[in-house]
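The structure under discussion appears below in the form of structure tokens.
Chains as they are written, first to last, in the numbering used here: chain A, 17 to 486; chain B, 3 to 278.
Take a look at the structure:
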């Protein structure tokens with residue numbers, strides 16, 4: 017059994033950021049706790065925040081379990097994290113500008129050409145076109161895990177349209193409603209300006225042809241999408257239109273929105289659908305979700321599409337290995353955040369190592385997400401491991417492997433009281449004219465004792481994430 | 003050679019559609035092998051919009067139409083002065099790295115038969131001589147797929163065409179792209195026109211492949227005709243496969259039946275005679 021870093025307790029001492037929460041949790045009678053818990057659930061239901069969980073059956077309107085025990089960072093801890101996250105977000109964007117432009121990093125031999133240019137997420141359709149201010153990924157969601165007081169590792173980068181930020185905002189709101197005295201007694205940095213910052217980020221990236229105040233719209237695949245709640249929530253919070261493909265059309269050099277007062281020009285589109293579906297005249301011809309001709313308007317500077325089509329090549333799991341090199345290459349700095357050591361099954365030596373050590377490793381699909389199609393070696397049976405080994409042998413290029421990390425724990429309310437459970441963190445870094453990070457993020461928690469899988473699609477829960485003000 | 007092109011594509015809708023947007027790649031490529039003397043693309047009733055040159059060097063235009071729209075005609079009229087460069091795409095400006103064309107699509111996806119075709123074609127070939135390999139692959143594809151219209155459709159993949167053993171230029175091109183990629187040679191789909199001097203209205207819209215040969219650049223290979231493009235060819239645009247390279251990609255709003263009529267005529271221009 018590895019020794020896990022407990023973020024609240026150092027032996028019997030309460031670590032600094034958590035002071036003030038010890039009494040709160042131990043003095044809360046069980047009855048009150050249960051009352052608060054059902055109150056929280058009622059609030060979540062009333063605001064309608066749900067998350068459809070693929071592959072688990074049951075109701076698509078299931079709530080993600082919310083744990084009331086907050087996850088807390090000290091001001092100094094956060095400052096270091098923030099610097100590392102912003103650094104990484106800048107490097108990822110610099111990489112995208114480069115690989116759709118001159119390709120210097122490839123020419124310099126720092127990253128294999130095929131890995132970039134033959135990548136499924138590399139869009140030849142946007143080669144040579146640079147989006148406004150050279151920003152491809154406006155919202156960079158960086159998944160982090162902690163293994164010690166100063167040890168953070170990046171699990172993966174999400175440069176397309178990372179979801180979950182609505183939980184960051186809702187979790188905070190509900191905590192403030194239920195435990196107002198905690199927020200009076202403790203100085204927790206606010207996160208509620210995130211929608212305003214997001215809007216400012218988009219507005220700063222209006223296309224060249226836009227004059228005046230840019231009109232922003234969120235493009236959703238529709239209410240069947242598992243993240244639809246978030247799309248409509250963000251549109252509300254930002255005060256912008258929520259549209260589907262059929263609400264937009266292309267005419268002349270611009271993209272327009274149908275409204276009761278006639279067509280209105282749209283300047284910035286925050287699209288929450290995949291590249292393939294954006295425009296049937298450029299990508300998949302059978303897509304009914306997008307807007308015909310939109311890519312032509314984008315490529316000629318009439319509209320901005322966020323995240324930029326093709327941004328996915330930066331967050332591919334095979335490219336991930338090279339992100340520390342990107343930081344050095346583009347920024348001339350040493351990376352402040354470390355990668356998890358990663359074996360590429362596409363490499364023969366790595367693949368052999370992976371197959372020989374499956375019981376100790378976590379294996380993921382290169383293009384997978386949401387915790388599907390992965391193997392957690394230490395938690396798998398011999399049969400599961402053998403079956404997975406066959407999958408790797410059949411298509412080694414499709415897999416990467418990482419050591420099983422000793423994820424930190426945070427106290428969590430369980431039936432028996434309070435017990436440590438493993439967590440990760442997804443902060444949302446905004447890249448526009450400036451790079452911004454609200455002090456917080458989404459903490460996901462593996463509610464099952466001993467479990468290291470925190471994905472909400474695999475039954476994980478969420479916590480409010482606090483950053484203490486100085 | 004000076005070639006004169008007349009190309010009319012007519013879409014008829016029943017019932018009339020509410021509107022349509024088209025993305026057009028109907029302008030001759032700019033390179034040393036050809037020069038447009040005069041070129042017009044017209045879509046009566048259409049509203050011209052976003053136009054730009056993409057990373058592959060193609061000129062892309064957008065046209066939108068408001069309904070009710072019983073029919074839409076896209077008319078191309080022009081003259082192009084061509085030169086025989088033995089298929090070499092010399093002087094063509096583009097920024098997409100050739101390696102990016104080592105990717106297959108649904109239409110060019112490899113299967114064991116295509117791999118076998120590639121392997122057999124290159125048996126005994128010099129590993130260094132990529133040009134020779136390209137010629138061998140071109141012949142092998144043409145030998146394996148007999149020219150026979152009507153047996154395949156626009157959605158037929160390279161693997162399906164090879165299995166049937168029949169096809170048209172689209173199938174030859176998809177198959178050649180597949181086997182080239184299987185052999186590690188970047189390859190893409192090219193559309194254009196072909197002048198055939200046989201006086202019986204031979205299909206003049208054409209497609210062929212371009213293979214990227216290290217040290218020489220992109221070179222055209224027309225498997226259907228077992229040759230490299232010369233001055234009888236006019237090059238429009240390119241893409242990973244027929245869908246992505248299509249000269250006209252359009253989508254009409256609404257539902258109903260659609261019929262398509264294409265009339266293409268490519269002739270040797272009489273311009274020189276008139277000048278005398």
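Glycine residues also receive a C-beta, built at the ideal position from the N, C-alpha and C atoms.
Check: Short CB-CB distance (under 7 Å) between residue 150 (chain A) and chain B; Outcome: no
Check: Residue-chain proximity (residue 8 (chain B), chain A), Cβ-Cβ < 7 Å; Outcome: no
Check: 7 Å Cβ cutoff, residue 253 (chain B) in contact with chain A; Outcome: yes
Check: Within the region 228-260 of chain A, ranges of the alpha helix (DSSP H) (whole runs, at least 4 residues); Outcome: 244-254
Check: Residue span of the beta strand (DSSP E) that contains residue 469 (chain A), given as start and end; Outcome: Run containing residue 469 (chain A): none; DSSP gives neither H nor E here.
Check: Nearest residue (CA-CA) to residue 116 (chain B), options B:145, B:77, B:164, B:158; Outcome: B:164
Check: Collapsed DSSP secondary structure at residue 193 (chain A) in the structure displayed; Outcome: helix
Check: DSSP three-state assignment for residue 115 (chain A), whether helix, strand or coil; Outcome: helix
Check: Residue 129 (chain A) at chain B interface by Cβ criterion, 7 Å; Outcome: yes
Check: DSSP state of residue 454 (chain A) mapped onto helix, strand, coil; Outcome: coil
Check: Member of A:248, A:375, A:141, A:129 whose CA lies at the smallest distance from the CA of residue 316 (chain A); Outcome: A:141
Check: Simplified DSSP state of residue 232 (chain B), which is helix, strand or coil; Outcome: coil
Check: Rounded C-alpha distance that separates residue 243 (chain B) from residue 213 (chain B); Outcome: 13 Å
Check: Strand pairing of residue 227 (chain B), partner residues [DSSP]; Outcome: Looking at the DSSP assignment, residue 227 (chain B) forms no beta bridge with any residue, so it has no partner.
Check: Neighbour list for residue 269 (chain A) in chain B, Cβ cutoff strictly below 7 Å; Outcome: 51, 52
Check: CB contact below 7 Å: residue 261 (chain A) versus chain B; Outcome: no
Check: Cβ separation of residue 376 (chain A) and residue 389 (chain A), assumed to be a contact under 8 Å, to the nearest whole Å; Outcome: The pair is not a contact, with the Cβ atoms about 19 Å apart (cut-off 8 Å).
Check: DSSP-derived helix/strand/coil call for residue 20 (chain A); Outcome: coil
Check: Closer than 8 Å at the beta carbon, the chain A residues around residue 62 (chain B); Outcome: 312, 315
Check: Residue 142 (chain B) in three-state terms, based on DSSP; Outcome: helix
Check: The beta strand (DSSP E) enclosing residue 435 (chain A), as first and last residue numbers; Outcome: 433-442
Check: Residue 297 (chain A): contacting residues in chain B (beta-carbon distance under 9 Å); Outcome: 23, 24, 25, 64, 251, 252, 253
Check: CB contact check: residue 326 (chain A) to chain B, cutoff 7 Å; Outcome: no
Check: Anticipated Cβ contact below 8 Å, residue 312 (chain A) with residue 52 (chain B), distance rounded; Outcome: 4 Å
Check: Residue 143 (chain B) beta carbon less than 7 Å from that of residue 177 (chain B); Outcome: yes
Check: Residue 486 (chain A) versus A:455, A:467, A:428, residue with shortest Cα-Cα distance; Outcome: A:455
Check: Residue 6 (chain B), enclosing beta strand (DSSP E) - first and last residue; Outcome: 4-26
Check: Residues from the region 95-128 of chain B in contact with chain A, defined by Cβ distance under 9 Å; Outcome: 96, 97, 98, 99, 100, 101, 102, 103, 104, 105
Check: Candidates B:185, B:138, B:74, of which the one nearest residue 11 (chain B) by Cα; Outcome: B:74
Check: Chain E contact for residue 256 (chain B) (CB, 7 Å cutoff); Outcome: Considering every chain present, this structure includes no chain E. Its protein chains are A and B.
Check: Residue 226 (chain A) at chain B interface by Cβ criterion, 7 Å; Outcome: no
Check: DSSP beta-bridge partners of residue 59 (chain A); Outcome: Answer by DSSP bridge pairing: none, since residue 59 (chain A) is not bridged.
Check: Closest residue to residue 188 (chain B) among B:126, B:102, B:8 (Cα-Cα distance); Outcome: B:102
Check: Buried versus exposed call for residue 204 (chain A) [16 or more other C-beta atoms within 10 Å across all chains shown]; Outcome: buried
Check: Strand pairing of residue 359 (chain A), partner residues [DSSP]; Outcome: A:417
Check: CB-CB length for residue 262 (chain B) against residue 13 (chain B), believed under 8 Å; Outcome: 6 Å
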